[in-house]
Structures are given as structure tokens and as C-alpha cells.
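There are 2 protein chains.
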Amino acid sequence: MGGQPRYLWVAEMLRRPILNGELAPGSRLPSRSRLARTHHVSEQVSRHALRLLVSEGLVEARPGSGYYVRPVPQIHRFSRTDRSSGSGVEPLHREELGTLTVKVNDLVARRLTLRDGEMVYRTRSLGLADGAPVALHTAWEPMVLTQGTLRTPADAEPGTGVLDRLGAAGVIIDRVVEEVGVRPLREPEATLLQLAPGLPVLVVERTHFNGQRPVETSDLVGSVDHCRLLYRLSLARPQKKGR
Amino acid sequence: MGGQPRYLWVAEMLRRPILNGELAPGSRLPSRSRLARTHHVSEQVSRHALRLLVSEGLVEARPGSGYYVRPVPQIHRFSRTDRSSGSGVEPLHREELGTLTVKVNDLVARRLTLRDGEMVYRTRSLGLADGAPVALHTAWEPMVLTQGTLRTPADAEPGTGVLDRLGAAGVIIDRVVEEVGVRPLREPEATLLQLAPGLPVLVVERTHFNGQRPVETSDLVGSVDHCRLLYRLSLARPQKKGR
DNA sequence: AAGTGGTCTAGACCACTAT
DNA sequence: TAGTGGTCTAGACCACTTA
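Residue numbers (full-length UniProt numbering), protein chains in the order written: chain A, 1 to 243; chain B, 1 to 243.
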């Protein structure tokens, strides 16, 4: 067994056949008590090992039923360069979670160059594939832009893109900046995505600009093994020396 | 406390002040036994809560010492939309790892629409920050494009961008497609990046096109908590209805 | 020497699933 | 009804850091 912790050893005993394909996706693993008996460890150790595999995304726990090898995830590609800029979950089925008016927190205030505590609309929507949540989109927009009109995120036809909606309100969006990164999933998101908090997720922080003024910003949070981003960039301009 | 598990409640009690900035990075959290006493839960529960925060990347455990609020790692932003398209590790110090001629594997052959077994130049470079490797760039280019000229990846001035180099060879690159995702770090990369294999890493699969013909493709692999990608997109075109 | 985090044991109850 | 996963209790030892 060597000097490494027992739960890592047990986990490795299960991980190998899963990755080799000897254990087909969907097949059931030994229960934690059976695993403890067969590998001569305490049940706590087998629990730890199984939870580790769950956190790695290799195994799925179905309470009351057992642990199962996870089916190979289907990959969804989000095209980030079409002009619609709806909620950014385009190829997926969108479920609107509604719009609230909230005070900005520091991070969003900085992205929108707002004073701390200013009011914004916060709109959430979920991207679903086969009924399962795959991506979560959270958008923030200063209330002052559209308040009192029918172009607020709350009043507009659901599904209208930001470009169209703000355009109709006289705010022309001519520039988008997207910052892509990975961070651990945090709590309100985890519940909405039906994933474990702490799992790494792909995050796109998108900000729409009217000239130098940011007018809307959003986070697209997607499960790392279901989501990919597709950027199609044109280099049409003639290439001058020195950039 | 409500119906949610106690360890989630304890975790939330710590998470809030951390995210609000009330607990500065580097400050020490209560030990797991102290936490158990003050919150009237078993020590196992406080353990579970603290491990959760560690897995979320908010907290760092120093064995024998305590749990600490994690200092914010320095983040490097890779601008993906400037025209230079060097090795894609622009803001960093680049260390050239050299060029080999190899047979394409299936995956790269598909990206370059080559026949299996055709020869390509493979060029590797490392992006360094403070001497530590942060990102690894691996580029593949069909030999037929530049073989015999002084514009091959091996012969050209190191640091010359693909656009300039291939442009000088008469191959005009007018289009770039980037696919961004996350996958576990694999082996030759892990050693070069001095990271553990299996760690999730950010991957940019970039392909340069001459019209419909792919002429160069590359993988940019970067540590998840040091690397971010920055896409600046212009929406200059007039916005027509229905996309 | 005291405190700490990592690991481990040996139990337990609950809500749920499968039969 | 038996089995399962999620959670929880009440202890324990070790290697390590801190003072």
C-alpha cells in the first residue's frame, strides 16, 4: 500500500478501471460498506475515496441507490462571436430565473464603474441540455439606463438580446470585452447548477461597452467538462509591421 | 440553522467575511477544534466545513500551523486579440524550447486537415513569470508550407509571430479560431510546467486559417489560478434585426 | 510542550431507493 | 424490508509548526 493515505489507494483502485474503460459508464460501483469490507479499511475511508471520485467528476452518487460511473459528458460549444449576445447560452435551452433589483457589490461596481451601493438589475438564466443545467448566466445592468421605460431587463420580452434591448433604449453597444478564467464553484451557483461547490468551473466575465462606458456586465458559469468556448476572430485588416 | 447540513452552515459563516474582505488574505482562521467549540458542532463537522473552503480555493491549510485565508494569486491576462499572435504568452517572458519535425497525431491532423502521418514542425515555448513557468505553448505547422525556405519555425528569427513569418512566405493568415476549455494536465506538459499531472488547466486550441485552409494550430496550456484570457471584440457593424 | 491539520476507527440516525 | 448515500458523534494517533 505504501506510505500514501489509504483513501487515496482505494480511490486509485477504482479510478484505474474507470479511466481504462473496464468499467463502463453507468455501471454501479461497490457500495461504501462493501468497499470497506473488501479492501479491509474502515467505512469512513471508503467514503472518503468515493467522495473524492465524485469530486473529480468520474463518479456520480445516487442517494439510496449507489455510486455509478458517470456517463461521458456531452460537450457544448458556446460561440462567443455571434452578434446576438442573448444570455450567452445560445445553443442551449434557456430557462429564465427572473430579474431582481439589487445593490451592486464591489466587484460588479468596479466592472460597471458605478459607485458602491448603486442599484442594478440582476438577471439570471440557466442553460439546459436534456433538462439538466449546464451553464448559469448572471447579468448586471445599471437601473439608470432604462428605469421607467419598457426596455428594462424585467419588462422587455424575455429572450431579447442586450444589444437589441439597449439599442432600442438608445444605448448603442459597440464593444465587448470577455475575460475567461476558471475558479471554484461557489454557493448560490452550485445549487442552481446542481453541482458540488468547490468544483472548478469555466467563467466568462463579459462586459458590454458604449464607447468607453460599460453598460452591462455578466458572468457565464459553466461546468468544466460540458462547456467550451468558441472564438472566431477575423484578421481582415492589412498587417502592418510592428503590430 | 435551518434544514441544511451543519457543515455547510459553518462554512458559510466563514465564507461571508472572506468574500466581503472582512478577513484579510493571510489571516488565520480558528482551528478546527476551536471552531467546533464556538459553533457547538462536532469536530468532524468543522473539519468538513474547512475542507470545503479549501476545495473552493478560499482557504489554505498549513499542517501543524492552521487554516489561512488564501492570498490572491497573481493573475496573468493573455490578450487574445492583438494582431501579433506570437506564441500567445505575450505579457510573459518567453523561453523557447525549440522546434522538432514530427509526424502528426490524429487530433492535430484533424485540426490541420492533414493525412495521418504527415510531417509537421512542432514548436514549444514556455511563458515565465518571476522565473516560474505559467503557460506552455505548443504549435504545429505542416512542413510543406515553408520547407526549404528560411521561413520555417526552425529557421526564422525566434520570436517572430506566425502572421509575419507565414505572411513573408506568401501564406496570408486572415482568420483565427480559438476553442477554450479545461482539461486535466497530462504528462509531458506537467513536467514542463512543474505542476502535478491531473490538475485542471486552461487550454486554448488556436488555429490560424488562410481562407478555409488551416495553416497552423497550437495549444496554450496554463495553470488555472494564474491564467486568464482577454478577448476584446468589436461590434462596429450596424446591427441588423434577426442577427 | 502545546497546538495544529491529516488521517483513521467504530459506531449511529435519517431519508431515500430497490425489491 | 433491506440496502444505500448523506450526515453526524466521540473519540484517537501521527507528523508537523510554533513558542
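Just so it is clear, CB atoms sit at the ideal spot from N, CA and C, and this is done for glycine as well.
The structure presented is a predicted model; accordingly, all values stated were derived computationally and were not measured.
Span separating the alpha-carbon of residue i from that of residue j
i, j, result
"A:G21", "A:L53", "15 angstroms"
"A:P91", "A:Q74", "13 angstroms"
"B:L19", "B:L192", "33 angstroms"
"B:H226", "A:G148", "43 angstroms"
"B:D82", "A:V102", "36 angstroms"
"B:K240", "A:G161", "Unreliable placement is indicated for B:K240, whose pLDDT of 45 sits below 50; the coordinate value is still reported in the next sentence. Whole-angstrom Cα-Cα distance: 12 angstroms."
"A:V45", "A:T38", "12 angstroms"
"B:V144", "A:R232", "25 angstroms"
"B:S65", "B:R32", "11 angstroms"
"A:L166", "A:D174", "11 angstroms"
"B:L220", "A:R111", "27 angstroms"
"B:A135", "B:S223", "7 angstroms"
"B:R15", "B:G57", "11 angstroms"
"B:L128", "B:S218", "18 angstroms"
"A:R47", "A:F78", "36 angstroms"
"B:M1", "B:L35", "The predicted position of B:M1 is uncertain, since its pLDDT is 45 and thus under 50; a value taken from the coordinates is nonetheless stated next. Spanning the two alpha carbons is a distance of roughly 16 angstroms."
"A:H137", "A:V89", "8 angstroms"
"A:N105", "B:G170", "52 angstroms"
"B:T123", "B:A139", "5 angstroms"
"A:R80", "B:R51", "35 angstroms"
"A:I172", "A:L202", "29 angstroms"
"A:L195", "A:H76", "17 angstroms"
"residue 292 of chain B", "B:R228", "With chain B represented from 1 up to 243, any question about residue 292 of chain B goes unanswered, as that position is not in the structure."
"A:A49", "A:Y7", "5 angstroms"
"B:S42", "B:P30", "14 angstroms"
"A:E96", "A:G159", "8 angstroms"
Local Cβ density within 10 Å of residue i, reported as buried at 16 or more and exposed below that
i, result
"A:S55", "exposed"
"B:G131", "exposed"
"B:P200", "buried"
"A:E141", "buried"
"B:E205", "buried"
"A:H208", "buried"
"A:D116", "exposed"
"A:L107", "exposed"
"B:R243", "Note that B:R243 scores a pLDDT of 35, beneath 50, so its modelled location is shaky and nothing firm can be said."
"B:R186", "exposed"
"B:T99", "buried"
"B:S125", "buried"
"B:P133", "buried"
"B:T113", "exposed"
"A:P197", "buried"
"B:R62", "exposed"
"B:H93", "exposed"
Opening and closing residue of the alpha helix (DSSP H) in which residue i lies
i, result
"B:T38", "32 to 39"
"B:V10", "6 to 20"
"B:A109", "106 to 112"
"A:T191", "187 to 193"
"A:V89", "Run containing A:V89: none; DSSP gives neither H nor E here."
"A:L163", "162 to 168"
Extent of the continuous beta strand (DSSP E) run through residue i
i, result
"A:H226", "From DSSP, A:H226 is part of no beta strand (DSSP E); its letter is neither H nor E."
"B:G127", "119 to 129"
"A:V45", "Where A:V45 is concerned, there is no enclosing beta strand (DSSP E), although the alpha helix (DSSP H) it sits in stretches over 43 to 55."
"A:A59", "It is worth fixing the name first, because residue 59 of chain A is Val in this sequence and not Ala. Taken as a continuous stretch (DSSP letters only), the beta strand (DSSP E) holding A:V59 covers 59 to 62."
"B:V144", "Run containing B:V144: none; DSSP gives neither H nor E here."
"A:L100", "93 to 103"
"A:V69", "66 to 69"
"A:G181", "175 to 184"
"B:P158", "Per DSSP, B:P158 belongs to no beta strand (DSSP E) and is neither H nor E."
"B:L202", "200 to 210"
"A:S79", "76 to 79"
query: Is it true that the stretch 68 to 78 of chain B meets the stretch 9 to 29 of chain B, where meeting means three or more beta-carbon pairs spaced less than 8 angstroms apart?
result: yes
Three CB pairs or more closer than 8 angstroms across the stretch 148 to 157 of chain B and the stretch 172 to 189 of chain B: no
message: When you compare the stretch 8 to 17 of chain B with the stretch 206 to 213 of chain A, are there three or more beta-carbon pairs, one atom per stretch, that lie closer than 8 angstroms?
response: no
- request: Could you run through the stretch 162 to 181 of chain B and flag, in chain order, every residue whose CB is less than 9 angstroms away from some CB of chain A?
  value: L163, D164, G167, I172, I173, D174, R175, V176, V177, E178, E179, V180, G181
- prompt: What residues from the stretch 207 to 230 of chain A come within 7 angstroms of chain B, judged by C-beta to C-beta, listed N to C?
  reply: Hits within the stretch, in order: V224, R228, L229, L230.
message: Taking beta-carbon pairs under 9 angstroms, can you tell me which members of the stretch 4 to 17 of chain A lie near chain B?
response: The residues in question: there are none.
- prompt: Given a limit of 9 angstroms on CB to CB distance, which residues of the stretch 142 to 153 of chain A reach chain B?
  reply: none
field: the stretch 108 to 135 of chain B: positions lying closer than 8 angstroms to chain A by Cβ
entry: So nothing in the stretch comes that close.
Positions along the stretch 188 to 209 of chain A whose CB lies within less than 7 angstroms of some CB in chain B: P197, G198, P200, L202
- prompt: In the stretch 30 to 54 of chain A, which residues sit with their C-beta less than 9 angstroms from some C-beta in chain B, listed in chain order?
  reply: none
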